[in-house]
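Taken in order, these protein sequences are the chains called S and X. Under this note's numbering, think of the first position of the first sequence as 650, with each following residue one higher. Under this note's numbering, think of the first position of the second sequence as 650, with each following residue one higher. Every residue, glycine too, gets a C-beta built ideally from N, C-alpha and C.
There are 2 protein chains.
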Amino acid sequence: MTTQNSLTIGRIAQSAGVAIDTIRFYEREGLLPEPRRRPSGYREYDEAAVSRLRFIRRAKDLGFTLDEIRELLALSADRHGGVEGVRERAAARLKAIDERIVELQRVRDGLSELVEACPGHGAPEDCPILKALAEPTR
Amino acid sequence: MTTQNSLTIGRIAQSAGVAIDTIRFYEREGLLPEPRRRPSGYREYDEAAVSRLRFIRRAKDLGFTLDEIRELLALSADRHGGVEGVRERAAARLKAIDERIVELQRVRDGLSELVEACPGHGAPEDCPILKALAEPTR
DNA sequence: CTTGACTCTTGAGTTACATCAAGGGTCTAG
DNA sequence: CTAGACCCTTGATGTAACTCAAGAGTCAAG
Numbered sequence: 650m651t652t653q654n655s656l657t658i659g660r661i662a663q664s665a666g667v668a669i670d671t672i673r674f675y676e677r678e679g680l681l682p683e684p685r686r687r688p689s690g691y692r693e694y695d696e697a698a699v700s701r702l703r704f705i706r707r708a709k710d711l712g713f714t715l716d717e718i719r720e721l722l723a724l725s726a727d728r729h730g731g732v733e734g735v736r737e738r739a740a741a742r743l744k745a746i747d748e749r750i751v752e753l754q755r756v757r758d759g760l761s762e763l764v765e766a767c768p769g770h771g772a773p774e775d776c777p778i779l780k781a782l783a784e785p786t787r
Numbered sequence: 650m651t652t653q654n655s656l657t658i659g660r661i662a663q664s665a666g667v668a669i670d671t672i673r674f675y676e677r678e679g680l681l682p683e684p685r686r687r688p689s690g691y692r693e694y695d696e697a698a699v700s701r702l703r704f705i706r707r708a709k710d711l712g713f714t715l716d717e718i719r720e721l722l723a724l725s726a727d728r729h730g731g732v733e734g735v736r737e738r739a740a741a742r743l744k745a746i747d748e749r750i751v752e753l754q755r756v757r758d759g760l761s762e763l764v765e766a767c768p769g770h771g772a773p774e775d776c777p778i779l780k781a782l783a784e785p786t787r
C-alpha cells in the first residue's frame with residue numbers, strides 16, 4: 650500500500666509542512682529516528698517519516714511541548730498500556746489549557762475594565778490604567 | 650509625603666517582590682533609571698523606585714512584554730498625549746489576549762473531544778487521539 | 001559537461017527574561 | 001573588632017524551539 654519510493658529531506662519537509670532544519674533538529678532531539686542514508690550521505694525517508702512529522706506538528710498545535718511529544722511517540726508505539734498513557738497525557742494537557750484560559754480570562758477582564766474606564770486623554774494622574782499599575786500592592 | 654530615607658537594592662526588591670538580580674537587569678535594560686550611589690558604590694533608591702518596580706510587575710502580570718512596558722513607562726511620563734498612547738497599547742494588549750483565548754478555546758475543544766472519545770485502553774490503532782495525530786492533513 | 005538546486009556537517013545565534021557564579025568590597029549588630 | 005549579611009561587577013548559563021552561516025559535496029535536467 651505504502652509506496653517505497655525514497656524521499657529526500659526536502660520532499661518530506663514539503664509534505665509535512667516543516668523546515669528542513671527543523672527535521673534535522675528533531676532527529677538530533679530524538680523525535681525522529683535516524684534515517685537510512687544514500688552512499689552520498691543524503692538522508693532517505695519513507696512515508697512513515699512524513700506521518701511521524703505530521704504527528705509532531707499536530708501535537709505541537711495542540712500545545713504539547715517537544716518533550717511531551719517524545720513521550721506520546723513512545724506511548725503510541727507501546728502496544729500494551731500505551732493508550733492509557735496517551736489518554737492521561739492528553740487529559741493533563743487539557744487541564745493545563747483550561748487553567749491557562751481561566752488565567753487569561755482573569756487578566757482579560759481586569760484589563761478590559763481599565764481600558765473602558767480610561768478616557769484616552771487628559772493627565773497621566775487621571776488615567777485609570779496608569780493608576781492601577783502604579784498603585785501600592787492590594 | 651514620601652519619606653526620603655534611602656533604600657538598598659535588597660529592601661526595594663523585598664517591597665516590590667522581585668529579585669535583586671532582576672532589578673539590576675531592569676536597570677541594564679533601561680526600565681529603571683540608574684540610581685544614585687553611596688560612596689561605596691551601593692545603589693540608593695527611594696519610594697518612587699518601588700512604585701516603578703511594582704508598575705513593571707503589574708504590567709508583566711497583564712501580559713505586557715518588557716519592551717511594551719518600556720513604552721508604557723515612557724508614555725506615563727508624557728504629560729501631553731501620553732495617556733492616549735497608554736490606552737492604545739492596553740487596547741492592543743486586550744485584543745491580543747482575546748485572540749489568544751479564542752485560539753486556546755479552539756485547541757481545548759479539539760483536545761477535549763479526543764479525550765472523551767478515547768477509551769483509555771486497547772490497541773493504539775483504536776485510540777482516537779493517536780489516530781487524529783497521525784491522520785494525513787485534512 | 002555544466003549549472004543550479006539540493007544536501008551535508010559543525011557550530012553559533014536568536015528571543016525573552018532572567019538567574020547564577022566567582023571573587024571581592026561594605027555594613028552593622030554584638 | 002569581627003562575623004555574617006549584604007552589595008558590587010563581569011560574564012556565563014538556562015529554557016524552548018528553532019534558525020542560520022559557512023564551506024563543501026551531490027544530483028538531475030538539458
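Beta-carbon proximity of residue i to residue j, cut-off 8 Å
i, j, result
"L779 of chain S", "S725 of chain X", "yes"
"R686 of chain X", "E693 of chain X", "yes"
"L721 of chain S", "L680 of chain S", "no"
"L753 of chain S", "I746 of chain X", "yes"
"R728 of chain S", "P773 of chain X", "yes"
Span separating the alpha-carbon of residue i from that of residue j
i, j, result
"R707 of chain X", "G730 of chain S", "45 Å"
"E737 of chain S", "R757 of chain S", "30 Å"
"K709 of chain X", "I658 of chain X", "20 Å"
"P777 of chain S", "E765 of chain S", "9 Å"
"E696 of chain S", "S761 of chain S", "49 Å"
"S689 of chain X", "N654 of chain X", "17 Å"
"R673 of chain X", "I705 of chain X", "14 Å"
"Y691 of chain X", "R755 of chain S", "39 Å"
"R775 of chain X", "G769 of chain S", "Just to set this straight, residue 775 of chain X is Asp in the shown sequence, not Arg. Going from the Cα of D775 of chain X to the Cα of G769 of chain S covers about 56 Å."
"P682 of chain X", "T671 of chain X", "14 Å"
Member of the options whose CA lies at the smallest distance from the CA of residue i
i, options, result
"G666 of chain X", "X:S700, X:E693 and X:G690", "X:S700"
"F713 of chain S", "S:L782, S:P777 and S:V735", "S:V735"
"L656 of chain X", "X:A668, X:P684, X:D670 and X:C776", "X:P684"
"K744 of chain X", "X:R660, X:L711, X:E696 and X:D695", "X:L711"
"C767 of chain X", "S:D670, S:Y691 and S:A739", "S:A739"
"E717 of chain X", "X:G759, X:E678, X:T671 and X:R660", "X:E678"
Buried versus exposed, by CB contacts within 10 Å (16 or more), residue i
i, result
"V732 of chain X", "buried"
"R703 of chain S", "buried"
"A662 of chain X", "buried"
"V751 of chain X", "exposed"
"A698 of chain X", "buried"
"A741 of chain X", "exposed"
"A781 of chain S", "buried"
"E748 of chain X", "exposed"
"E784 of chain S", "exposed"
The ligand MG heavy atom lying under 7 Å from the CB of residue i
i, result
"A745 of chain X", "Questions concerning the ligand MG fall outside what the structure shown contains, since it holds no ligand whatsoever."
(Q) By the 8 Å beta-carbon criterion, what residues does the stretch 747-772 of chain X contribute toward chain S? (A) D747, R749, I750, L753, Q754, V756, R757, G759, L760, S761, L763, V764, C767, P768, G769, H770, G771 and A772
Q: Compile a chain-ordered list of the residues in the stretch 663-684 of chain X whose CB is closer than 7 Å to at least one CB of chain S.
A: none
Q | Short-range partners of chain S found in the stretch 726-738 of chain X, where Cβ spacing is below 7 Å | A | R728, G731, V732, E733, V735 and R736
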